[in-house]
């Protein structure tokens, strides 16, 4: 029996474990929503656990000076806002008038263009008809010339035919000149139509620029009294720490947990438990919503160990030690982002509380037995 104990002490080993608590957070950490300056919360647009899109308004803060009797400044701000509103209404009327004038001018030019095109179509028909008459006239003249040479008709009759052909030719040339003039007129109308469109677009664009500048001025005036706190990215809002009517300075109003980001475990260890924690050590995880007796232990690996302690208020989601002892953060990469429950994989959620055991390097049992003796000998 004694030999078995000695062999067990000599060849046996044990692996110390550091017990900690922690929480699941997105890789890279959650985003704290801070108030850029002091003020009073006038509106809260989110609730705990709500999913918000990037740019969504979370809180509206009012300038604290509005609540300490500076009615004069408020009155000036209201007058300034009213003046900007009148200018905006005037610009809106100008834009509407420019649009209507442009539409009217374009309509008139299009009607003229359609009339000219109708004249061109009619002119084309007349030209085609005169061309046929000219061709027939040329054939008739040739026949009359042959007959005149044979003295079947007089020279007077021949000249009458030639005069008729010349008149037809003159009419044909006049119609061609008319067609050229109509074509030039149509080209001019199309050019004017394009210029009217460009001019109208330029006028409206200039008015829109003035409106944009005016809108910015209005925003600047209003922002002196109130300003909005928006979401920097899409995610879930949690740890809301501001309610309407509260005065805030630069504290965190809420926390946003980014969406579609892998989760890691943030463990919080006291200085006593922190000493032997190293990157690469294995971790056994127990998630509070999923009792390990039913769902088993989950595993992970230490990937980061903080070099400086965190104050307990920085880990408000985890119960702090009674003596408010400083704590260190240990980041653990999870082997799985899901947990098997009821025959399906359930995604782990940010904010899930957990307990963890960080496994340290293996030691021989003999070293554990002899360590007090060795320590005592060093003090002799």
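Residue numbers (the working numbering): 130 to 509. Backbone N, C-alpha and C fix where the C-beta goes; we use that ideal spot for every residue, glycine too.
Own chain partners of residue i with C-beta closer than 6 Å, once the 5 adjacent residues on each side are dropped
i: residue 161; result: 381 and 384
i: residue 280; result: none
i: residue 225; result: none
i: residue 146; result: 486 and 488
i: residue 439; result: 456 and 458
i: residue 129; result: The structure shown has nothing for residue 129, since the chain only spans 130 to 509.
i: residue 217; result: 343
Length of the line joining the Cα atoms of residue i and residue j
i: residue 591; j: residue 313; result: This structure gives no information on residue 591, because the portion of the chain shown stretches from 130 to 509.
i: residue 254; j: residue 343; result: 58 Å
i: residue 324; j: residue 298; result: 39 Å
i: residue 388; j: residue 366; result: 11 Å
i: residue 469; j: residue 456; result: 32 Å
i: residue 308; j: residue 346; result: 57 Å
i: residue 331; j: residue 358; result: 36 Å
i: residue 159; j: residue 339; result: 41 Å
i: residue 294; j: residue 266; result: 6 Å
i: residue 333; j: residue 231; result: 10 Å
i: residue 242; j: residue 317; result: 9 Å
i: residue 408; j: residue 484; result: 18 Å
i: residue 203; j: residue 176; result: Residue placement at residue 203 is flagged as unreliable, the pLDDT there being 47, under the threshold of 50; a coordinate-derived value is accordingly withheld.
i: residue 336; j: residue 467; result: 56 Å
i: residue 291; j: residue 310; result: 29 Å
i: residue 166; j: residue 379; result: 6 Å
i: residue 400; j: residue 375; result: 36 Å
i: residue 403; j: residue 435; result: 10 Å
i: residue 341; j: residue 315; result: 39 Å
i: residue 390; j: residue 419; result: 22 Å
i: residue 549; j: residue 319; result: With the chain represented from 130 up to 509, any question about residue 549 goes unanswered, as that position is not in the structure.
i: residue 482; j: residue 171; result: 32 Å
i: residue 412; j: residue 153; result: 14 Å
Buried/exposed call for residue i, threshold 16 Cβ in 10 Å
i: residue 405; result: exposed
i: residue 219; result: exposed
i: residue 410; result: buried
i: residue 460; result: buried
i: residue 458; result: buried
i: residue 240; result: exposed
i: residue 155; result: buried
i: residue 472; result: exposed
i: residue 149; result: buried
i: residue 414; result: buried
i: residue 478; result: exposed
i: residue 157; result: exposed
i: residue 181; result: buried
i: residue 214; result: exposed
i: residue 398; result: buried
i: residue 364; result: buried
i: residue 360; result: buried
i: residue 416; result: buried
i: residue 151; result: buried
i: residue 327; result: exposed
i: residue 285; result: exposed
i: residue 201; result: Summary for residue 201: the model assigns pLDDT 38, below 50, so the residue's position carries little reliability; its value from the coordinates is reported in the next sentence. Classification of residue 201: exposed, given that the 10 Å Cβ count is below 16.
Same chain, Cβ closer than 7 Å to residue i, five either side skipped, listed in chain order
i: residue 173; result: 188, 371, 372 and 373
i: residue 199; result: At residue 199 the pLDDT is 42, less than 50, meaning the model places this residue with poor confidence and gives no usable figure here.
i: residue 462; result: 393, 429, 430 and 432
i: residue 248; result: 311
i: residue 234; result: 325
Other residues of its chain near residue i: CB distance less than 8 Å, five sequence neighbours each side excluded
i: residue 212; result: none
i: residue 197; result: Bear in mind that the predicted position of residue 197 carries a pLDDT of just 44, short of 50, making it too unreliable to give a figure here.
i: residue 301; result: 256, 259, 260 and 263
i: residue 288; result: none
Contact between the segment 418-435 and the segment 358-371 (3+ Cβ pairs under 8 Å): no
Complete runs of the beta strand (DSSP E) confined to the segment 337-389 [at least 3 residues]: 355-359, 364-367 and 381-387
Touching by the beta-carbon criterion (3+ pairs, under 8 Å), the segment 263-275 and the segment 215-233: no
contact_flag[the segment 174-188, the segment 394-409] where n(CB pairs < 8 Å) is 3 or more: no
4-residue-minimum alpha helix (DSSP H) runs that sit fully inside the segment 240-303, ordered along the chain: none
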